[in-house]
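Each residue of the sequence shown is one higher than the last, beginning at 5 in the working numbering.
We put the beta carbon where it would ideally sit given N, CA and C, even for glycine.
Keep in mind it's a predicted model, so treat the numbers as computed, not measured.
See below for the structure under consideration.
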Amino acid sequence: MRVVIVTESFPPDVNGVAHCALQTARHLAARGHAPLVVAPATAAGTEADAQAPCPVVRVPSLPLPGYPQVRVALPSRRVASAITEHRADLVHLASPFVLGVRGMAAASRLGIPAVAVYQTDLAGYARTYVHAGEGAAWRRIRSVHAAADLTLAPSSVALQDLEAHGIPRVKLWPRGVDTVRFRPDHRDEALRRELAPNGELIVGYVGRLAPEKQVELLAGACRLDGVRVVVVGDGPSEPGLREALPGAVFLGRRTGHDLARVFASLDVFAHTGPFETFCQTVQEAMASGVAVIAPAAGGPLDLVAHERTGLLVPPRDADAVRDAVRILADDPELRAAYGAAGRTTVEGRTWQAVGDQLIGHYADVLSARTVVAA
5 MRVVIVTESF PPDVNGVAHC ALQTARHLAA RGHAPLVVAP ATAAGTEADA QAPCPVVRVP
65 SLPLPGYPQV RVALPSRRVA SAITEHRADL VHLASPFVLG VRGMAAASRL GIPAVAVYQT
125 DLAGYARTYV HAGEGAAWRR IRSVHAAADL TLAPSSVALQ DLEAHGIPRV KLWPRGVDTV
185 RFRPDHRDEA LRRELAPNGE LIVGYVGRLA PEKQVELLAG ACRLDGVRVV VVGDGPSEPG
245 LREALPGAVF LGRRTGHDLA RVFASLDVFA HTGPFETFCQ TVQEAMASGV AVIAPAAGGP
305 LDLVAHERTG LLVPPRDADA VRDAVRILAD DPELRAAYGA AGRTTVEGRT WQAVGDQLIG
365 HYADVLSART VVAA
């Protein structure tokens, strides 16, 4: 099967869309298929593409104003030409919004089936950044996804949202987690002493530092005696968060084994953003054997079993986050039980398993097209 993955982001970018697109390309190549990636050009250049599991076509892009880590693709004929030259059997649209719109248009013109993967709560972002535009965001989402042969939602909440807003042909496709990289035995006592020299309980957040993530909700946890908050990631909110989170340790962006070591060295993982369609970092924390606190909204509702693998708290409630941290800080046996249950829960959620599910969805789409053509 020859597949063109048109993605809004790809490594060296570090985010959920880039990571999922990479894992998809990697799995397709491993299963003997022929993927090609089309992605925005990055400020870092194309050196990372040499490590990619398949060829990568870069489209000219500009940094998003106020958030230079995010690149927005410019109009280009490279999308259509890449699909044509690759002789694609199917086009995979990863979180389509700008580049993906062009990918969808090209697939339609060429008569090639398209699978659109919904990953980003653009309506929630509109509410956060401009305090308006939610309706316009949904119209944009609907225009792209309604044209696709199939839309894949990462969680049951995302699937319900899509169907409620009139998106047809939606199925569930969750995300995998690398249970070899992220595992409890990467816990590093030397790192723990460095982060919490007085033996404090270590509460960690991993992800972008941007307004929609609402990391400032950890302020109450910072004020608890015997608690050290550790923040991993970068983004435009970092300066304000350094003021809002007194005593917190900011580690910047971490990747690979270094990130896995940080995860496993936490006592509690706390995610604060209410707009997650999935929330990959929750899975990575669970794979690392760490108890989780997350908002009872979006993707975490599928991932966290309340009072079994962690604690779900009301979204945007700083007091609830603080109280959940206090509960886990006071009960090491409960933390250990949640962490062990979390690891057990995700052991079957490998990228290989969900990658095979994706190939099954591709096959269904191609089969449906064949029936219609006949």
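Cβ shell of Ala92 (< 6 Å), same chain only, five flanking positions each side left out: Arg6, Val8 and Ile116
Please report the residue range of the beta strand (DSSP E) in which Val63 lies. Boundaries of the beta strand (DSSP E) harbouring Val63: Val60 to Val63, taken from the DSSP string.
Ordered along the chain, which non-local residues of its own chain (more than five positions away) have a Cβ less than 8 Å from that of Val251? The residue you asked about is not Val; residue 251 is Gly in the sequence shown. The answer, listed in chain order, is Cys226, Arg232 and Val233.
For the segment 216 to 258, which segments carrying the beta strand (DSSP E) assignment without a break, of at least 3 residues, lie completely within its bounds, in sequence order? 231 to 236 and 253 to 256
List the whole-angstrom C-beta distance separating Gln123 from Cys24, where the pair is believed to meet the contact cut-off of C-beta under 8 Å. 7 Å between Cβ atoms; contact.
Report buried or exposed for Arg81, applying the criterion of at least 16 other Cβ atoms within 10 angstroms of its Cβ. exposed
Own chain residues within Cβ distance below 7 Å of Asp323, not counting five before or after: Within the same chain, Cβ atoms closer than 7 Å to the Cβ of Asp323 are found at Gly224, the five residues on either side in sequence being excluded.
Pro319, DSSP secondary structure in three states: coil
So the beta strand (DSSP E) Gly208 belongs to, where does it begin and stop? Leu205 to Val210
Please say whether Gly293 and Ala357 have beta carbons closer to each other than 8 Å? no
Beta-carbon proximity of Leu307 to Gln287, cut-off 8 Å: yes
Can at least three beta-carbon pairs, one atom from the segment 145 to 161 and one from the segment 314 to 331, be found at a separation below 8 Å? By the Cβ test, the segment 145 to 161 is not in contact with the segment 314 to 331, since fewer than three Cβ pairs between them sit closer than 8 Å.
Which value, in whole angstroms, describes the spacing of the CA atoms of Ala98 and Ser13? 8 Å
Through-space distance from Leu68 to His275, alpha-carbon basis: Within the model, the alpha-carbon separation for His275 versus Leu68 is close to 25 Å.
Spatial distance of Arg328 from Ala38 (CA atoms): Note on identity: in this sequence residue 328 is Ala, with Arg being the wrong assignment. Looking at the two C-alpha atoms, the distance is approximately 47 Å.
Could you give the uninterrupted runs of the beta strand (DSSP E) lying entirely in the segment 269 to 298, keeping only those of 3 residues or more? For the beta strand (DSSP E) assignment, the uninterrupted runs of no fewer than 3 residues enclosed by the segment 269 to 298 are, from N- to C-terminal side, 272 to 274.
Closer than 8 Å to chain D by CB, Thr50: Included in the structure is just one protein chain, with no chain D present.
What is the DSSP secondary structure of Leu154, reduced to helix, strand or coil? In this structure, DSSP gives Leu154 an extended state, which the three-state scheme calls strand.
Distance between Tyr366 and Pro278 (C-alpha atoms, nearest Å): Each residue's alpha carbon lies about 31 Å from the other.
Going by DSSP in three states, Gln73 sits in which element: helix, strand or coil? strand
Got a sec? Which residues, its chain only, sit under 7 Å from Gly230 by beta carbon, not counting five neighbours each side? Glu204, Leu205 and Ala333
Alpha carbon to alpha carbon, what distance is there between Ile297 and Val272? 7 Å
Compare the beta carbon distance of Ala86 and Val61 with 8 Å and say whether it is the shorter of the two. yes
Considering Ile171, what are the terminal residues of the alpha helix (DSSP H) in which it resides? Neither: Ile171 is in no alpha helix (DSSP H) and is coded neither H nor E.
Taking the straight line between their C-alpha atoms, what separation do you get for Ala295 and Pro64? 42 Å
To the nearest angstrom, how far is the alpha carbon of Gln27 from that of Pro16? 13 Å
Kindly list the residues whose CB is nearer than 6 Å to the CB of Val253, restricted to its own chain and excluding five residues on each side of it in sequence; keep chain order. Leu199 and Val234
Can you tell me which of the three DSSP states Thr124 falls into? strand
Return helix, strand or coil for Ala200, following the three-state DSSP convention. coil
My assumption, with CB atoms under 8 Å, is that Thr181 sits in contact with Leu163. Please give the rounded CB distance. Contrary to the premise, residue 181 reads as Val rather than Thr in this sequence. In this structure, Val181 and Leu163 do not form a Cβ contact; the two beta carbons are roughly 20 Å apart against a cut-off of 8 Å.
Thinking C-alpha only, which one of His310, Phe186, Ile363 and Ser241 is nearest Leu338? His310
Among all the DSSP beta bridges, which residues are the ones paired with Ile331? Looking at the DSSP assignment, Ile331 forms no beta bridge with any residue, so it has no partner.
Just curious, the alpha helix (DSSP H) that Leu103 is in, first and last residue? Going by DSSP, Leu103 is part of the alpha helix (DSSP H) stretching over Leu103 to Leu114.
Tell me the DSSP secondary structure of Thr11 in three-state form. strand
Can you tell me whether Ala300 is helix, strand or coil according to DSSP? coil
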